[in-house]
Amino acid sequence: MGKAKVKRASTSIDMTAMCDVSFLLLSFFVMTSTAKQPEAFPVDTPASTTKDKLPDSNVGIITIGDKGKVFFGATDRDVRVKTLEKMSSRYGVQFSQQDYDQFALMENVGAPMKAIKQVLGMEPSKRLEKGVQNGIPVDSTETLSNELYQWVQTARLAAAELNKEKESNKDFVDPGPLKIAIKADGAEKYPSINAVIETLRNQKQNKFSFITGLRAEDK
-12 MGKAKVKRAS
-2 TSIDMTAMCD
8 VSFLLLSFFV
18 MTSTAKQPEA
28 FPVDTPASTT
38 KDKLPDSNVG
48 IITIGDKGKV
58 FFGATDRDVR
68 VKTLEKMSSR
78 YGVQFSQQDY
88 DQFALMENVG
98 APMKAIKQVL
108 GMEPSKRLEK
118 GVQNGIPVDS
128 TETLSNELYQ
138 WVQTARLAAA
148 ELNKEKESNK
158 DFVDPGPLKI
168 AIKADGAEKY
178 PSINAVIETL
188 RNQKQNKFSF
198 ITGLRAEDK
């Protein structure tokens, strides 16, 4: 008596739906992502054993290197834009919407206010060339001549105003005042760093962090 043949079910899987989902996800990330522009002023920070991590947001970073050159930047793009708006008002320098859009993408800037518009009009790669940005003016005063003082002060005001605007959002968590960090090259001389510290103290910003790298044995 012959055995009845059992029809075997196909083991192949239709991957069409999975491919569609993958394509949609890829399209989403391509359309929503923005290329991160390289840092204009990289420095070689000294090593330390401290393992406290700097927050990813709500931080203003002052970078010092190359014999006293000073750059300033904020981690949050909305703070960058609002800071530039305030600096525009203080110094009477007008910027276009395209300028603000470009500035939002820049991690830091190191040029006098009178040259900022020219820097923003350059190709991103051109801004990174040596000699294009020679540092933000710093002195011992609290006037417009001490542009670092103005950058830090306006950034702190901008962050506070933006936090105030977000208070009505039920999911908003107040990060507190803008934190300030100093990122100095390990070979930088003390007078350059002290000038920055005194600028912070002049606006009663006595709490700030130093950004360092981990020692090799601690990594």
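In the numbering used here, the protein residues as written are -12 to 206. In this text, a Cβ means the ideal position worked out from N, Cα and C, and glycines have one as well.
Residue range of the beta strand (DSSP E) that includes alanine 168: 166 to 171
Proximity below 7 Å, CB of threonine 36 to CB of isoleucine 198: no
Ordered list of beta strand (DSSP E) runs contained in the segment 44 to 124, each at least 3 residues: 46 to 52 and 56 to 61
For serine 155, three-class secondary structure by DSSP: coil
Where serine 132 falls: helix, strand or coil (DSSP): coil
Validate contact between the segment 161 to 176 and the segment 39 to 55 using beta carbons, cut 8 Å, 3 pairs: yes
Length of the line joining the Cα atoms of valine 80 and aspartate 65: 19 Å
Residue range of the alpha helix (DSSP H) that includes serine 179: 177 to 189
Segment contact flag, the segment 135 to 149 with the segment 67 to 81, C-beta cutoff 8 Å, min 3 pairs: yes
Spatially closest choice to phenylalanine 28 from Gly55, Asp39 and Ala34, by CA coordinates: Gly55
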